[in-house]
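Residue numbers (my numbering), protein chains in the order written: chain A, 1 to 329; chain B, 330 to 592.
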């Protein structure tokens, strides 16, 4: 079953435009001027139940607007959305029982209360019975390993502990879909990894559908099986992570440490990314030149060390953003 | 309803962390009381027994009671939080929860002012007793009307302040409107009872929120009569309905406006 169905969704905003200086300010009072921005432009996609989807794009691409339409906060200009079979704009309250939201940059916990009091509070908000809430808190406490700080006021928790509690709060009512907006922002690598493990565990144990937006490629790479890239309000890529990587795996990064410095000339299929002293970094397009042929251009006796790797996902995504920008231009 | 009681309880628990802040608020409370008690003491010392129908004791209790109401009701949640939620877009994260944002803020407001009101009430009564040597006489049968009038006063004030705050959907800064409302209550509703003002101005003042927020509840304590109780409660009921409808109307329109600006 599809958890989310988005059909030809569009949304525009009217933004006030003002000329420079005091004169412009006065003019905008008497004769305001507006510009229409196409935030989301005719997008369609489906998300299956239990899927972990990365919904990414550069700032201003339309991610946030799409999430807000999916959660019933914004009304679409055109098109339709269905989340767990519910129309978000018509039945926002009914939908709120089916979804959970975590915004890494916006806390929903009450800072002066302990996580336990917060969980009880949100349990009441979502109409859980007393004993039901207690059982759920006990369960989540174990899964998310909260024992140590469940009775410490939230304001005294570390960012990693707070994010864990934010996720628990959003799960208290057993939502079918969880919208995670930059859940690991500002966290150190160890805590990030910990949060990712918990998200995976949650998806596995509760079959929660996860709709993730993040600028952190690690989140996307380690959690998601499918990726949707949006830019300028349109979907520029909707593919499985495997396909995306496969498509770009024909390009390899070759890093060579040389005994003596050498001048490497670029050829068709070989791009010199960096050449500094005895260190050389090349990108080889294997559809045009295979690795063995590329390496033949370097004297084997001159090679001290060599490392061949795939193009980082971050570079792939940046490239897709750029490609789209150039196409639009 | 249970969820709103939980919101009230959670806020109450949170406000217990701010008892010291509340105590700092007492400085202005004491200063204002000191000035006005001495002012009325001085005016009444000129061998006058009644001013506009009020004895010295009634006049001083009026100032104490209205100040108690006003200082208890002052709450940044009603002004700054709503305005900030709207301007920063944070309101979006509240309206996708299974509660009504307006009811949420009211429950939060009541939780936040509960401790504060109790503290101001005790402080006001102690000061009044020390200064005048006696409490106003209240009979048991008068209590329901008095309590009801105080509750109505608190809620109407909250609705009006919130109505001003939700204007932030359209205007950059609602602070000047709050300033006008607050000063109107302080100058016309706390310092002097309505009867002190010129006869021509009194009917107009009786139509303002002053009559239902501060004057009415205080008047029922210092000079209770059934007719006055009826007049105050009926006015409050009308104000309650109008101010709540106005608030909900502006809010509903505003949320649609948020839909235009969001994203």
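Glycine included, every Cβ here is placed at the ideal spot set by N, Cα and C.
The criterion of a C-beta distance shorter than 8 Å is not satisfied by residue 83 of chain A and residue 235 of chain A. Within a 10 Å sphere around the beta-carbon of residue 440 of chain B sit 16 or more other beta-carbons, which makes this residue buried. For residue 359 of chain B, the closest C-alpha among the options B:379, B:386, B:397 is that of B:397.
In the three-state reduction of the DSSP assignment, residue 306 of chain A falls in the strand class, which pools E and B. Boundaries around residue 46 of chain A are those of the beta strand (DSSP E), 33-48, since no alpha helix (DSSP H) includes it. Only residues of its own chain outside the window of five on either side were considered, and among them 24, 25, 28 have a CB closer than 7 Å to the CB of residue 18 of chain A, listed in chain order. With a threshold of 16 other beta carbon atoms within 10 Å, residue 51 of chain A meets it and is buried. By the neighbour-count criterion, in which a residue is buried when 16 or more other Cβ atoms sit within 10 angstroms of its Cβ, residue 168 of chain A is buried.
The count of Cβ pairs closer than 8 Å, one atom from the region 119-134 of chain A and one from the region 60-69 of chain A, stays below three, leaving the stretches out of contact. A distance below 8 Å between beta-carbons, with the five flanking residues on each side excluded, links residue 49 of chain A to the following residues of its chain, in chain order: 1, 2, 3, 176, 207, 209. At the C-beta level, residue 484 of chain B and residue 578 of chain B stay beyond 8 Å of one another. Those residues of the region 412-432 of chain B placed with their C-beta closer than 7 Å to a C-beta in chain A are 419, 421, 422, 424, 425, 426, 427, 428, ordered along the chain.
Residues 282, 283 of the same chain have their beta carbon placed closer than 7 Å to that of residue 271 of chain A, with the five preceding and five following residues left out of the count.
With a contact defined as Cβ atoms closer than 8 Å, residue 513 of chain B and residue 537 of chain B qualify at about 7 Å. Rounded to the nearest angstrom, the gap between the Cα atoms of residue 571 of chain B and residue 90 of chain A is 28 Å.
Residue 486 of chain B and residue 108 of chain A have their C-alpha atoms roughly 27 Å apart.
Burial check for residue 458 of chain B: the Cβ neighbour count within 10 Å stays below 16, so the residue is exposed. Taken in chain order, the unbroken stretches of alpha helix (DSSP H) that lie wholly in the region 215-243 of chain A and span 4 residues or more are 217-223.
What residue 144 of chain A touches in chain B, judged by beta-carbon distance under 9 Å, is nothing: the nearest beta carbon there is about 21 Å away.
The CB of residue 342 of chain B comes closer than 9 Å to the CB of 110, 112, 113, 117 in chain A, given here in chain order. Ranked by Cα distance from residue 182 of chain A, the first of A:217, A:237, A:300, A:306 is A:217. For residue 546 of chain B, the number of other beta carbons within 10 angstroms of its own is at least 16, and it is reported as buried.
Chain-order list of chain A residues neighbouring residue 581 of chain B: empty, with the shortest C-beta distance near 13 Å, by a criterion of under 8 Å. The beta-carbon of residue 410 of chain B is placed no less than 8 Å from the nearest beta-carbon of chain A. Using a Cβ-Cβ cut-off of 8 Å, residue 437 of chain B does not count as an interface residue toward chain A, since no Cβ of chain A sits closer than that to its own. Beta-bridge annotation (DSSP): residue 578 of chain B is not paired with any residue.
Residue-level contact by beta carbon holds for residue 339 of chain B and chain A, with a gap shorter than 8 Å. Checking the DSSP bridge columns, you'll see residue 209 of chain A partnered with A:177. Using a Cβ-Cβ cut-off of 7 Å, residue 331 of chain B is close to 124 of chain A, given in chain order. Counting only the Cα atoms, residue 56 of chain A lies some 6 Å from residue 230 of chain A. Using beta-carbon distances, residue 96 of chain A counts as an interface residue toward chain B, with a partner under 8 Å. Going by DSSP, residue 94 of chain A is part of the alpha helix (DSSP H) stretching over 92-96. Contact note: residue 121 of chain A reaches chain B through 335, 339, using a C-beta cutoff of 7 Å and chain order. The CB of residue 346 of chain B comes closer than 8 Å to the CB of 112 in chain A, given here in chain order. Residues of the region 65-81 of chain A that bring their beta carbon within less than 7 Å of a beta carbon in chain B comprise 65, 68, 71, 72, 73, 74, 75, in sequence order. For residue 30 of chain A, the closest C-alpha among the options A:22, A:37, A:36 is that of A:22.
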